[in-house]
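So the sequence shown is numbered by our numbering: it starts at 16 and just counts up by one.
For reference, the structure is listed below as structure tokens.
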Amino acid sequence: ETQLPGSDVIVWLVDCPALFDVPGNPYTDESGNPWDNIADRFTLFCRIIVEVAMNRAHLDWHADVVHCNDWQTGLVPALLSIEGNKPSTVFTIHNMAYQGMFPQSTFSALNLPVQLWHPNGLEFHEMLSFIKGGLSYANRITTVSPTYALEIQTPEFGYGLEGLLSHKHVILSGIINGMDLEQWNPETDTSISEPYNVSTLADKVINKTSLQARSSLPVNKSVPLFGLISRLVDQKGIDLIIDCLSEMVDMPLQLVLLGSGDKSVERKLLDFARLYPKKISVTIGYDEALAHQIEAGADIFLMPSRFEPCGLNQMYSQRYGTIPIVRETGGLADTIEDALPKSMNNNTATGISFKEASSGALLEAIKRAMLLYADKKSWKKIQIAAMEKDFSWKNSAEQYLTLYKEI
């Protein structure tokens, strides 16, 4: 037991050395393979949550609301549904692609209550679905952006559960994630070369030239510098970027990329960087300091995700005056104001968005960004509007508090 730093919130750690005290992470072993006993791990976790919530863990505490996140806690609303005098439950979906699916034999092996095995319960096409436990039994369902809440009710994004989510639409809503304003603050960031704010925006270029030098790119204040920090997987639209690279290298721009993921994608990007060392810099892996330096030093941030439940880098980018190019999906659609004539005229434009998940649409967005970048007055207007947007947790927390009070 401990407390969150700087708050009165108590934190309890659930430990079972036989299941948890092993190399790797909560989801995979050291080789990146899913744990064979992953269902046992999270079933135990869920059962303990229920015991704590029902004041049966000798802690002298009873929950009013139990807020569960993703499939790993999906059994909690299901198990609480058969309790008397139970707390209300909220289930938040961070990504519908991950559902916690197991064979029916796992249901029996876990000794779960038999009354939960039916088509309106944990059963999904004769499989055990952890996420369906949350969706079927929670009092309220949330996801991490209003647009994603609509998207997951369609076959493209619902992964087979769109019918259930449509049926539950009355209790389904989207609340944008907040961002850590202390960790991501260009005014106090110790990882960047020169701190800056809206009033000292001209100092941002010092971070640009530092990033160019660190990335072994020609130091040039005027060339548009594009940044990208991402998992290198299809969801993030990396294939769209790769398809654009042969045309991008003929344009007056530079690209700094940080990420890891699909090995074939990594190889393709490294090959481009070797062929065009004055245009493209690629770092495979993750480097927290470099991530901050890219956000501060780049002029434009690429985020062409095929789907993005919420996304955070587009928020970081706006806070750092680095204009994001995003695909109009999920949280990206909810957090970017596209630079169109109306938004430019009323000073609300904060980025550039495109609809179609194609390299052609992305390339057009890149060209549009470069035209805007050449117009320094318009570009600065977009930067200032972006930096002044409020992505704090305060607004999100107020929405969650309202939801808790409703149930």
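The beta-carbon is built from N, C-alpha and C at its ideal position, and this holds for glycine as well.
Distance CB(residue i)-CB(residue j) smaller than 8 Å
{"i": "P319", "j": "V341", "result": "yes"}
{"i": "E310", "j": "G375", "result": "no"}
{"i": "F117", "j": "M142", "result": "yes"}
{"i": "E352", "j": "T365", "result": "yes"}
{"i": "L187", "j": "A164", "result": "yes"}
{"i": "V234", "j": "D277", "result": "no"}
{"i": "D314", "j": "K404", "result": "no"}
{"i": "I97", "j": "I156", "result": "no"}
{"i": "P102", "j": "A68", "result": "yes"}
{"i": "L59", "j": "L34", "result": "yes"}
{"i": "Y335", "j": "P239", "result": "no"}
DSSP state of residue i mapped onto helix, strand, coil
{"i": "D277", "result": "coil"}
{"i": "M263", "result": "helix"}
{"i": "P1", "result": "There is no way to answer for residue 1, as the model of the chain reaches only from 16 to 422."}
{"i": "G149", "result": "helix"}
{"i": "M116", "result": "strand"}
{"i": "V297", "result": "strand"}
{"i": "G326", "result": "coil"}
{"i": "F316", "result": "strand"}
{"i": "I97", "result": "coil"}
{"i": "L125", "result": "coil"}
{"i": "P339", "result": "strand"}
Per DSSP, the bridge partner or partners of residue i
{"i": "C83", "result": "F106"}
{"i": "T43", "result": "P49"}
{"i": "M142", "result": "P118, F139"}
{"i": "L187", "result": "I156"}
{"i": "D353", "result": "G366"}
{"i": "Q269", "result": "L240"}
{"i": "S245", "result": "G274"}
Residue nearest to residue i in terms of C-alpha spacing, selected from the options
{"i": "N192", "options": "E421, K409, T417", "result": "K409"}
{"i": "K391", "options": "L216, C31, V65, D349", "result": "L216"}
{"i": "L347", "options": "G21, M330, I97", "result": "M330"}
{"i": "K251", "options": "G326, S237, G312", "result": "G326"}
{"i": "A112", "options": "I422, T58, E379, G175", "result": "G175"}
{"i": "Q398", "options": "I63, D254, Y211, L28", "result": "Y211"}
{"i": "L273", "options": "M266, I253, L290, P267", "result": "I253"}
{"i": "V159", "options": "S245, I167, I207", "result": "I167"}
{"i": "S469", "options": "M385, S373, N360", "result": "The chain is shown from 16 up to 422; residue 469 falls before or after that span and cannot be answered."}
{"i": "L90", "options": "L125, A78, D30", "result": "L125"}
{"i": "I146", "options": "A54, N100, H77, E209", "result": "A54"}
{"i": "F57", "options": "G115, N100, G39, L28", "result": "G115"}
Any chain D beta carbon closer than 8 Å to residue i
{"i": "I63", "result": "Within the model displayed, chain D is absent; a lone protein chain is all it includes."}
Assumed close pair residue i, residue j - CB separation to whole angstroms, cut-off 8 Å
{"i": "L378", "j": "E303", "result": "About 31 Å; that fails the 8 Å criterion."}
{"i": "G149", "j": "T88", "result": "7 Å"}
{"i": "T162", "j": "G189", "result": "7 Å"}
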